[in-house]
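> Residue numbers (our numbering): 1450 to 1637. C-beta atoms are modelled at their ideal positions from N, C-alpha and C, and glycine is treated no differently.
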DNA sequence: ATGAAGATCCGG
DNA sequence: CGGATCTTCATT
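Have a look at this one:
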């Protein structure tokens, strides 16, 4: 199927987040279908890091669309985002959940001997399962030998709802998911 | 220097 | 429901 390139991420954060649902993310021998994402907008979004972090604005300015933005949350969990850049609005897509497809053994080595749908059903869980950490921050991972994202023909019906775990701008329906997937971080 | 808040997860 | 544990930023 079709491999995503940087142009895919040269659209607004909502469009990118929505269109990623159903795509397949591959990372060093592991693959998972993207079943949950959230959009964060550089401008006008109080929940986005750019709202109160100069370093986040700087990061967008200095990196191309499609670059990985990885940071540690609560001093515990790495969260994986992709930079989005467009004329309307730039920002990030947060990867919140995957449905594991291959590399399950490696995921279980890192996550423990868990059921399939518990391996990547949350933003911190999926980075642990794939062994993603801060060393990937700033990487262009699209279309590489061991990493990338491809479209897939699987039919997905979309769920949309408010973002999770934030206090500001919590009402915006900027969370996207594959309806009914057992690998969601939470039900819609 | 110091403190507070934060896009989470797990166990009790 | 609370604690773990660290980065970023603002304030002293």
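Threshold first: 4 residues or longer. Then list the alpha helix (DSSP H) segments lying entirely within the segment 1544-1576, N to C.
Within the segment 1544-1576, the complete alpha helix (DSSP H) runs of at least 4 residues are 1553-1560.
> Tell me, please, whether the segment 1482-1498 touches the segment 1463-1472 by the rule of three or more beta-carbon pairs shorter than 8 angstroms.
Result yes; three or more Cβ-Cβ pairs closer than 8 angstroms.
> Assuming the contact rule is C-beta atoms closer than 8 angstroms, residue 1609 and residue 1625 should be a hit. Round their C-beta distance to whole Å, please.
One-based indexing of the first chain puts residue 1609 at position 160. One-based indexing of the first chain puts residue 1625 at position 176. Indeed they touch by this definition, with Cβ atoms about 6 angstroms apart.
> Buried or exposed for residue 1571, please, with buried defined as at least 16 other CB atoms from any protein chain shown within 10 angstroms of its CB.
Here residue 1571 refers to the residue found at position 122 when the first chain is read from its first residue. Classification of residue 1571: buried, given that the 10 Å Cβ count is 16 or more.
> Near residue 1513, which residues of its chain fall below 8 angstroms by C-beta distance, leaving aside the five closest residues on each side in sequence?
Taking the first residue of the first chain as 1, we reach residue 1513 at position 64. These residues qualify, in order along the chain: 1455, 1532, 1534 and 1589.
> If you measure between the beta carbons of residue 1508 and residue 1518, is that distance less than 8 angstroms?
On the first chain, residue 1508 is found 59 positions in, with the first residue counted as 1. On the first chain, residue 1518 is found 69 positions in, with the first residue counted as 1. It is a contact, given that the beta carbons lie within the stated cut-off.
> Less than 8 angstroms separating the beta-carbons of residue 1452 and residue 1592?
Your numbering for residue 1452 matches position 3 in the first chain. Your numbering for residue 1592 matches position 143 in the first chain. Yes, the Cβ-Cβ distance between residue 1452 and residue 1592 is below 8 angstroms.
> Helix, strand or coil, according to DSSP, for residue 1598 in the structure here?
Walking along the first chain from the start, residue 1598 turns up at place 149. Three-state result, residue 1598: strand.
> Alpha carbon to alpha carbon, what distance is there between residue 1516 and residue 1457?
By 1-based counting over the first chain, the position of residue 1457 is 8. By 1-based counting over the first chain, the position of residue 1516 is 67. Each residue's Cα considered, the two are about 12 angstroms apart.
> Give every residue of the same chain whose Cβ lies closer than 7 angstroms to the Cβ of residue 1580, excluding the five residues on either side of it in the sequence, and list them in chain order.
Mapped onto the first chain, residue 1580 falls at position 131. Excluding positions up to five away in sequence, the list reads 1559.
> Applying the 10 Å Cβ sphere with the 16-neighbour rule, what's the burial state of residue 1545?
Taking the first chain and counting its residues from 1, one reaches residue 1545 at position 96. Result: buried.
> Between residue 1599 and residue 1472, how many whole angstroms is the CB-CB distance? I'm expecting something under 8 angstroms.
Working through the first chain from its first residue, we reach residue 1599 at position 150. Working through the first chain from its first residue, we reach residue 1472 at position 23. Residue 1599 to residue 1472, Cβ: 6 angstroms. Contact.
> Taking 6 angstroms as the limit between beta carbons, can you name the residues of its chain near residue 1476, skipping five residues before and five after?
In the first chain, counting from the first residue as 1, residue 1476 sits at position 27. The answer, listed in chain order, is 1579 and 1596.
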